[in-house]
Every structure is written in structure tokens, then in C-alpha cells.
Amino acid sequence: MRSPASARRRRGSAQTFERVYLRLYDHFGPQRWWPGESAFEVIVGAVLTQNTSWKNVERAIANLRSKDVLAPQPLYRLSHAALAELIRPAGYFRLKALRLMNLLEFLFTRYDGSLRRMFATDLSTLRKELLSVNGIGPETADSILLYAGQMPTFVVDAYTNRVLKRHGWIEPEADYHQVQQLFHSRLETDVALFNEYHALLVRVGNAHCRRRPRCEDCPLARMLPRNGPLDIDEER
DNA sequence: GACCAGGCACATC
DNA sequence: GATGTGCATGGT
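Residue numbering for the first sequence follows my numbering, starting at 101 and increasing by one per position.
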């Protein structure tokens, strides 16, 4: 645990993170994430988007919707082969069909197929449970918790990492937990803030930090420390 | 034709 | 514990 004095000395204050957020919000406006019409659609999208562009995920979700199976019960009744065929455009379709089946199996055996019951569980417990499902890793679990369950956990994805690393805010080898801790320690625990902040990082990552090693022309240029990565607190 | 995209599990050392 | 590999479609 840090003393108040050392907390004041750490690089990258809560105020810095607020300034970054406001800069992004002013520049891009509200992102209104997650792009999905229901909590269940968010969950399915979170699995389908693993290492896959969102455009391809949209095709797969459109297939599910056209067959009227974009809900727990109907999706659970599909065979692996039928589900795989519908989600083919999202890539890794056999693997993702299996992962969705694993998740549905969990939802029905543990929570009787009820998302309301599942999200009534406390955050820490449910996160552990989701991580125990084969095919659900930290990013997918946190996306489900935040964007489908409205639970306050920060999502770290390829965009988050890209933006932070390109601007030198974090060490290149920082892992998922460390990056998440950085946000948890600097931000108020607030679902709407976590939601919008992550969505804005994706937006700026798409617009500016994609291929260039440094992003001199992006809204975040020169906003953060020139002298090395930020300190990561180990406890929240 | 190479490279990339909103990961994750598993094998191997 | 660290590193490498398979999984697959569609856009640039």
C-alpha cells in the first residue's frame, strides 16, 4: 500500500487521466458503446470479436439474427455444426462455436439461463466464474461484465495496449492485470466512465495509433510523460 | 500474396 | 514461467 506522500509523487495522476479522458471526449464525442441491441448480443459479440475485426463479427451476428437465434434459449438449442456455420464470417468459427457453447452451458447450469441472475452475482465472484469457462479470458470476461452487465471493471484490449504503449505510458511488456490496475487506481469506480473511456481509446487507436510508431498528430500527443512509463499501483 | 484484425488455450522447453 | 503455435474469415 502506498503512503499519501508517495501517491502524490507517482507519475500519471488521477487528474492526468481525467484530462486525457476529457481531451478524447471533446475530440471524438460520446461513443455510445457497446454496439449491440441487447445484453446477450453483447456477450455473443465479445466472444466473436476475439482477434477479429468488428466488421466480420457484424456479419456473423446478422446471420444469427436472421435465423432468430440471438437469445440464450434458441442459441443453446443449436448444434455445434449449425452454430459454427452461422458464425463462419467471424473466423475461427469451429473454435468460437465451441466457446459460445461452453458459455451457454455455464449460463444454463449455473444460472438457469438467466442473465438477470448471472449479473446479480458480485463482480469478483462472477469474474472468476467466467474466467473458469474454457474460451473466456480476461478481456472477454471484462467486456461481458462491463458492457453487458454494467459492472465496473476496465476492459484492456489491443487498442488500449496499442495507444498506451505507442505513447510510452506503459512498459511494452506490461500485462493485462497491470494495465487494468493502472486505470482502476486512477479512475473513480464508475461504469459509465469505464465504458466511455475504453470506447474512446478504441476510437483514438483506430484513428491515429494504428501503424505509426509515434502519434504526433493525434489528440493525445504530448499529453503524457516524456520521461518514461507511468507507475502502476498493485492494489486498488 | 502478405499482413492485419477489439484472444485464448495448450504444448513445449 | 516464458515462448511458440493453432485457430479462419474478410479487408487493405
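Backbone N, C-alpha and C fix where the C-beta goes; we use that ideal spot for every residue, glycine too.
DSSP three-state assignment for residue i, whether helix, strand or coil
i, result
"Q278", "helix"
"R336", "Confidence at R336 is low in this model, with a pLDDT of 44, below 50, so its placement is unreliable and the value that follows should be read with caution. Of the three classes helix, strand and coil, the one that applies to R336 here is coil, per DSSP."
"D317", "coil"
"S138", "coil"
"Q115", "helix"
"M201", "helix"
"M101", "The predicted position of M101 is uncertain, since its pLDDT is 47 and thus under 50; a value taken from the coordinates is nonetheless stated next. Residue state, collapsed to three classes: coil."
"R110", "coil"
"F254", "coil"
"N77", "Since the first and last residues shown for the chain are 101 and 336, residue 77 lies out of range."
"D331", "coil"
N- and C-terminal bounds of the alpha helix (DSSP H) containing residue i
i, result
"G305", "V291 to A307"
"E288", "Element bounds for E288: n/a, residue is neither H nor E."
"M218", "L215 to M218"
"V233", "From DSSP, V233 is part of no alpha helix (DSSP H); its letter is neither H nor E."
"R266", "A258 to R266"
"D222", "Per DSSP, D222 belongs to no alpha helix (DSSP H) and is neither H nor E."
"S243", "P238 to S243"
Distance CB(residue i)-CB(residue j) smaller than 9 Å
i, j, result
"V147", "R199", "yes"
"I143", "N163", "no"
"A139", "G249", "yes"
"V304", "V263", "yes"
"L231", "G237", "yes"
"G235", "L195", "yes"
"L122", "L301", "no"
"T116", "L324", "yes"
"D331", "R111", "yes"
"E271", "Q150", "no"
The ligand COA heavy atom lying under 8 Å from the CB of residue i
i, result
"N295", "The model on display carries no ligand, and the ligand COA is accordingly not part of it."
Within the segment 167-196, ranges of the alpha helix (DSSP H) (whole runs, at least 4 residues) = 172-177 and 180-186
Counting pairs of Cβ atoms below 8 Å between the segment 223-239 and the segment 121-133, do you hit three or more?
-> no
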